[in-house]
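The sequence shown: position 5 = 5 (the UniProt record's numbering), numbered continuously.
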Amino acid sequence: PALGFEYKWWNILPGNMKTSCFNVGNSKCDGMNGWEVAGDHIQSGAGGSDNDYLILNLHIPGFKPPTSMTGATGSELGRITFIFETICSADCVLYFMADVNRKNTNVVESWERSKEKQSYTHIISKNASFTFT
Numbered sequence: 001p002a003l004g005f006e007y008k009w010w011n012i013l014p015g016n017m018k019t020s021c022f023n024v025g026n027s028k029c030d031g032m033n034g035w036e037v038a039g040d041h042i043q044s045g046a047g048g049s050d051n052d053y054l055i056l057n058l059h060i061p062g063f064k065p066p067t068s069m070t071g072a073t074g075s076e077l078g079r080i081t082f083i084f085e086t087i088c089s090a091d092c093v094l095y096f097m098a099d100v101n102r103k104n105t106n107v108v109e110s111w112e113r114s115k116e117k118q119s120y121t122h123i124i125s126k127n128a129s130f131t132f133t
């Protein structure tokens, strides 16, 4: 079984990720990639307008807890960690969102404006199917 995913090289988009562009007001960016692979990192693409949402989805079908943790609640079953920086020439926000069992997507954390390179970790304590955006 796969015990985890670690992405260090971005030559192709992994099979459990997809990218898109979305705008509530128009469909100009519908066919555009929201994110692009760039060797040792991944970067947001160029949207068609300032209010486009450039989306990167990571789907994890579930987590298998160690036998000693079966039935426990609130324990760490997994974690997602990523290193990021934002370089903004205008207003920008990076949203980290989670969707559990394809029911609803909630903002977990957000960062506004340019941010220096940093690491962020989110703990998963529920054995469920997750899509992180």
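Just so it is clear, CB atoms sit at the ideal spot from N, CA and C, and this is done for glycine as well. Nothing here was measured: the structure is a model prediction, and the numbers come from that model.
May I ask which residues mark the beginning and end of the beta strand (DSSP E) holding residue i?
{"i": "residue 18", "result": "17-22"}
{"i": "residue 38", "result": "Neither: residue 38 is in no beta strand (DSSP E) and is coded neither H nor E."}
{"i": "residue 13", "result": "Looking at the DSSP string, residue 13 is not in any beta strand (DSSP E), and its letter there is neither H nor E."}
{"i": "residue 128", "result": "No beta strand (DSSP E) holds residue 128; DSSP gives it neither H nor E."}
{"i": "residue 94", "result": "93-100"}
{"i": "residue 60", "result": "53-60"}
To the nearest angstrom, report how far apart residue i and residue j are at their CA atoms.
{"i": "residue 93", "j": "residue 3", "result": "32 Å"}
{"i": "residue 91", "j": "residue 50", "result": "9 Å"}
{"i": "residue 126", "j": "residue 15", "result": "23 Å"}
{"i": "residue 95", "j": "residue 18", "result": "16 Å"}
{"i": "residue 60", "j": "residue 123", "result": "14 Å"}
Secondary structure at residue i, three-state DSSP: helix, strand or coil?
{"i": "residue 5", "result": "coil"}
{"i": "residue 104", "result": "coil"}
{"i": "residue 44", "result": "strand"}
{"i": "residue 84", "result": "strand"}
{"i": "residue 28", "result": "coil"}
Which residues does DSSP list as the beta-bridge partners of residue i?
{"i": "residue 79", "result": "123"}
{"i": "residue 110", "result": "95"}
{"i": "residue 133", "result": "Per DSSP, none; premise fails for residue 133."}
{"i": "residue 115", "result": "86"}
> Okay, do the stretch 74-86 and the stretch 111-121 touch, 3+ Cβ pairs below 8 Å being the bar?
Replying inline: yes
> Is the stretch 7-17 touching the stretch 27-42, taking contact as three or more C-beta pairs under 8 Å?
Replying inline: yes
> Does the count of Cβ pairs from the stretch 19-30 and the stretch 45-61 closer than 8 Å reach three?
Replying inline: yes
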